[in-house]
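S.K.: Chains as they are written, first to last, in this note's numbering: chain E, 1 to 225; chain S, 1 to 225. A virtual CB, placed ideally from N, CA and C, is assigned to each residue, including glycine.
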DNA sequence: AAATTACCGTTGCGAGGGCAACAAAGCCCC
DNA sequence: GGGGCTTTGTTGCCCTCGCAACGGTAATTT
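1) Opposite residue 172 of chain E in the DSSP bridges: which residues?
2) In chain order, what residues of the same chain lie with their CB nearer than 8 Å to the CB of residue 11 of chain E, ignoring the 5 residues before and after it?
3) Would residue 121 of chain E be called buried (16 or more neighbouring beta carbons within 10 Å of its own) or exposed?
4) For residue 52 of chain S, does the three-state DSSP call read helix, strand or coil?
5) Of all the options E:172, E:178, E:190, E:4, which has the alpha carbon lying nearest to the alpha carbon of residue 25 of chain E?
6) Are the C-beta of residue 88 of chain S and some C-beta of chain E separated by less than 7 Å?
7) Looking at residue 149 of chain S: is its Cβ nearer than 7 Å to the Cβ of residue 155 of chain S?
8) With a threshold of 8 Å, are at least 3 pairs of Cβ atoms found where one atom belongs to the segment 26-43 of chain E and the other to the segment 95-111 of chain E?
9) To the nearest angstrom, report how far apart residue 54 of chain E and residue 105 of chain E are at their CA atoms.
10) So the candidates are E:42, E:52, E:45, E:201; which of them puts its Cα closest to the Cα of residue 7 of chain E?
11) Look at the alpha carbon of residue 17 of chain E and the alpha carbon of residue 115 of chain S, and state the distance between them as a whole number of angstroms.
12) Which runs of the beta strand (DSSP E), 3 residues or longer, sit entirely within the segment 100-182 of chain S?
13) In the DSSP assignment, the beta strand (DSSP E) including residue 14 of chain E goes from what residue to what residue?
14) Could you check which residue in E:43, E:172, E:208, E:30 has the C-alpha nearest to that of residue 94 of chain E?
15) In terms of residues, what are the limits of the alpha helix (DSSP H) holding residue 70 of chain S?
16) Quick one: using the 10 Å Cβ neighbour count with 16 as the cut-off for buried, is residue 139 of chain E buried or exposed?
17) Taking the beta carbon of residue 125 of chain S as the centre, do at least 16 other beta carbons fall within 10 Å, making it buried, or is it exposed?
18) Our contact map puts residue 170 of chain S next to residue 217 of chain S with C-beta atoms below 8 Å; I'd like the distance itself, whole angstroms only.
19) Taking residue 186 of chain S as the reference, which of S:163, S:111, S:145, S:220 has the closest Cα?
20) Of all the options S:21, S:85, S:30, S:164, which has the alpha carbon lying nearest to the alpha carbon of residue 119 of chain S?
21) Could you tell me which chain S residues have their CB closer than 9 Å to the CB of residue 136 of chain E, listed as they occur along the chain?
22) Along chain E, which residues have their Cβ under 9 Å away from the Cβ of residue 133 of chain S?
23) Spell out the partners DSSP gives residue 82 of chain S in its beta bridges.
24) By alpha-carbon positions, which one of E:50, E:2, E:113, E:212 ends up nearest to residue 162 of chain E?
25) Give me the Cα-Cα distance between residue 175 of chain E and residue 167 of chain E, rounded to the nearest whole angstrom.
26) With distance defined between alpha-carbon atoms, name the residue in E:137, E:197, E:181 nearest to residue 83 of chain S.
27) Given a cut-off of 7 Å on the beta-carbon distance, is the pair residue 47 of chain E and residue 62 of chain E in contact?
28) With respect to the alpha helix (DSSP H) encompassing residue 19 of chain S, which residues constitute its N-terminal and C-terminal limits?
29) Quick one: which chain S residues come within Cβ less than 7 Å of residue 36 of chain E?
30) List, in chain order, every chain E residue whose beta-carbon is nearer than 8 Å to that of residue 143 of chain S.
31) Along the chain, where does the alpha helix (DSSP H) containing residue 196 of chain E start, and where does it finish?
32) Quick one: does residue 41 of chain S have its CB under 7 Å from some CB of chain E?
33) Against chain S, does residue 28 of chain E count as a neighbour if the rule is that its beta carbon must be under 7 Å from one of theirs?
34) Going by DSSP, what residue range makes up the alpha helix (DSSP H) through residue 223 of chain S?
35) Evaluate residue 302 of chain E with the Cβ neighbour count: other Cβ atoms within 10 Å of its Cβ, from every protein chain shown; 16 or more gives buried, anything less gives exposed.
36) Could you tell me the alpha carbon to alpha carbon distance between residue 2 of chain S and residue 29 of chain S, rounded to whole angstroms?
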């Protein structure tokens, strides 16, 4: 059963041995569920009292725009953790979570997670839970930083630089299509294409589809302000 | 000692009796510190391993812009909790926390907070800690929602409606000056004044300084999209 | 290979809003 | 009351970027 491998790789259970996990899951009251494609795991407007870990397949969280359109927020594959931020609050879910593909999910009651049991494993999971939420906070904060930039060129420069830093090199691929990147940066897709074209003509970068190569990172750094 | 009253009102210690608190603080290894105005509590770029609770006075968190200017992020008075989000991650602080006024602060080592001790009080604090971080996440998410709106009028409408909802009435005061609100909405101050003037002339609202009165909330709701 | 569907680049148009500069009004302290 | 500082309103200029429409290329299906 290599499901343990996935669990050990998920942020929530990082640092635990298979033996730790085996004992822990039972005490936490974790249950395993299967969902068909399109099934709803969490309904927007409803409270949710458990943390989910994706074991197989993929899920998607989306909101309903005021006009009724679906606004995708995020997607997760095996190892993904959802419901962690919401569980901490007393709010109802702002997002609907659906199965993007047939999937297996581990559901853990939230109150059990917060119940200390003295074991080192339980403590570690707690630490991981807090870490997981904090990481999502900083992920959001990073996006705010981008959204605050005044010009489109600054947004693009800042985003590409941060991706280059994450990749550790100046040539990298981004996890977005053009349209998705435009959404992320909150700009028009054609305007984004236009700007990328300009920057390419100016010799700042090279791009084809999701692939990017930063030619003048220092110049980009100046622009990203 | 009405310091207990402040502690009991802080998100971190909500729901605890004075007796609970008395025993808990010692076991958590909490220490009390005093700071003069301008003193640095947390230095940007440095890690921080404790959660702070403001007992008296006020603190301010600020970042350094790329040009070296100070960008204030948030302010906190008695009851305010800081360092909670950061402690969950392994990052260094993105903000510098300084004393805006002479202040008293309670510092609690982060690892002690995550160490379960079986007591109901400890468990409650843990729950509160997670809640505190989650709340900050949703606060940020709320701002993202505003920043994503396309037009300035939509931003203003959405912001004012949410403030009205918070206040529970259509007449209320906002915690910002014009310039601060412009920063929050990420727009130009003069553009904001212009837009507010227009909306006032159209009979949508009334405003003087920080005071607002929404005259046509339904119309604003349509605009905030 | 044709057809259908994503994905991406390009361009013209026009307005929203950034920027700068100035003026008026409120506030504080002497 | 008068000088200085802060906050807010106003206005002209003009550039960026949203919007809409179209064409071209890659990916996928039949």
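M.R.: According to the structure data:
1) Locating residue 172 of chain E in the first chain gives position 172, where the first residue counts as 1. The partner list for residue 172 of chain E (beta bridge, DSSP) reads E:212.
2) As a first step, residue 11 of chain E must be located in the first chain, where it is residue number 11. In chain order, 79, 81, 128, 131, 132, 135 place their CB closer than 8 Å to the CB of residue 11 of chain E, counting only its own chain and leaving out the 5 sequence neighbours on each side.
3) Working through the first chain from its first residue, we reach residue 121 of chain E at position 121. With 16 or more Cβ atoms within 10 Å of its Cβ, residue 121 of chain E is classed as buried.
4) Residue 52 of chain S sits at position 52 when you count from the first residue of the second chain. In this structure, residue 52 of chain S counts as strand in the three-state DSSP scheme.
5) Position 25 of the first chain holds residue 25 of chain E. Residue E:4 holds the alpha-carbon nearest to the alpha-carbon of residue 25 of chain E among E:172, E:178, E:190, E:4.
6) Counted from its first residue, the second chain places residue 88 of chain S at position 88. Put simply, the CB of residue 88 of chain S is near chain E, with a gap under 7 Å to one of its CB atoms.
7) Within the second chain, residue 149 of chain S is the residue found at index 149, counting from 1. Within the second chain, residue 155 of chain S is the residue found at index 155, counting from 1. Yes; because the gap between Cβ atoms is below 7 Å, this pair is in contact.
8) Result yes; three or more Cβ-Cβ pairs closer than 8 Å.
9) The residue labelled residue 54 of chain E in the question sits at position 54 within the first chain. The residue labelled residue 105 of chain E in the question sits at position 105 within the first chain. Straight-line spacing of the CA atoms in residue 54 of chain E and residue 105 of chain E works out to 5 Å.
10) Here the question's residue 7 of chain E lines up with position 7 in the first chain. Checked all of E:42, E:52, E:45, E:201; the closest Cα to residue 7 of chain E is E:52.
11) Counted from its first residue, the first chain places residue 17 of chain E at position 17. Counted from its first residue, the second chain places residue 115 of chain S at position 115. C-alpha separation (whole angstroms): 19 Å.
12) Taking 3 residues as the minimum length, the beta strand (DSSP E) runs contained wholly in the segment 100-182 of chain S are 103-109, 171-173, in order along the chain.
13) Position 14 of the first chain, counting from 1, holds the residue named residue 14 of chain E. That residue, residue 14 of chain E, is in no beta strand (DSSP E); it is neither H nor E in DSSP.
14) To locate residue 94 of chain E, count along the first chain from 1; it is residue 94. For the set E:43, E:172, E:208, E:30, the Cα lying nearest the Cα of residue 94 of chain E is the one of E:43.
15) Working through the second chain from its first residue, we reach residue 70 of chain S at position 70. First-last for residue 70 of chain S: 70-76, but that is the beta strand (DSSP E), not the alpha helix (DSSP H).
16) Here residue 139 of chain E is taken as the residue at index 139 of the first chain, counted from 1. The residue is exposed, with fewer than 16 neighbouring Cβ atoms inside 10 Å.
17) Walking along the second chain from the start, residue 125 of chain S turns up at place 125. Buried, by the Cβ-count rule.
18) What you label residue 170 of chain S is simply residue 170 of the second chain in a count that begins at 1. What you label residue 217 of chain S is simply residue 217 of the second chain in a count that begins at 1. Contact holds; Cβ gap of about 6 Å.
19) For the purposes of this step, residue 186 of chain S is taken as the residue at position 186 of the second chain. Comparing Cα-Cα distances from residue 186 of chain S to each of S:163, S:111, S:145, S:220, the minimum goes to S:145.
20) Residue 119 of chain S sits at position 119 when you count from the first residue of the second chain. Of the candidates S:21, S:85, S:30, S:164, the one whose C-alpha sits nearest the C-alpha of residue 119 of chain S is S:21.
21) Here residue 136 of chain E corresponds to residue number 136 of the first chain, with the count starting at 1. Simply 137.
22) Here residue 133 of chain S corresponds to residue number 133 of the second chain, with the count starting at 1. The contacting residues are 85, 88, 130, 133, 134, 137.
23) The residue you call residue 82 of chain S lines up with position 82 of the second chain. In the DSSP assignment, the residues bridged to residue 82 of chain S are S:52.
24) As a position in the first chain, residue 162 of chain E is number 162, starting the count at 1. Nearest C-alpha to residue 162 of chain E: E:212.
25) Within the first chain, residue 175 of chain E is the residue found at index 175, counting from 1. Within the first chain, residue 167 of chain E is the residue found at index 167, counting from 1. Approximately 12 Å between the Cα atoms of the pair.
26) As a first step, residue 83 of chain S is located in the second chain; it is residue number 83 there, counting from the start. The candidate whose alpha carbon is nearest that of residue 83 of chain S is E:137.
27) Here residue 47 of chain E refers to the residue found at position 47 of the first chain. Here residue 62 of chain E refers to the residue found at position 62 of the first chain. Result no, Cβ atoms of residue 47 of chain E and residue 62 of chain E do not sit closer than 7 Å.
28) Numbered from its first residue, the second chain carries residue 19 of chain S at position 19. Where residue 19 of chain S is concerned, the enclosing alpha helix (DSSP H) stretches over 18-28.
29) Residue 36 of chain E sits at position 36 when you count from the first residue of the first chain. Per Cβ cutoff of 7 Å: no residues; residue 36 of chain E is ~30 Å from chain S at best.
30) The count along the second chain starts at 1 and reaches residue 143 of chain S at position 143. Counting only Cβ-Cβ distances below 8 Å, residue 143 of chain S has contacts in chain E at 144, in chain order.
31) Counting from one through the first chain, the residue named residue 196 of chain E turns up at place 196. Its alpha helix (DSSP H) spans residues 189-201.
32) As a position in the second chain, residue 41 of chain S is number 41, starting the count at 1. Contact with chain E is absent for residue 41 of chain S, since none of that chain's Cβ atoms lies less than 7 Å from the residue's Cβ.
33) Mapped onto the first chain, residue 28 of chain E falls at position 28. Interface residue (Cβ-Cβ distance to chain S less than 7 Å): residue 28 of chain E is not classified as such.
34) Stepping through the second chain from its first residue, residue 223 of chain S is reached at position 223. Unbroken alpha helix (DSSP H) run through residue 223 of chain S: 217-223.
35) The requested residue 302 of chain E does not occur in the structure, where chain E is confined to residues 1 to 225.
36) Position 2 of the second chain holds residue 2 of chain S. Position 29 of the second chain holds residue 29 of chain S. Approximately 20 Å, taken between the alpha carbons.
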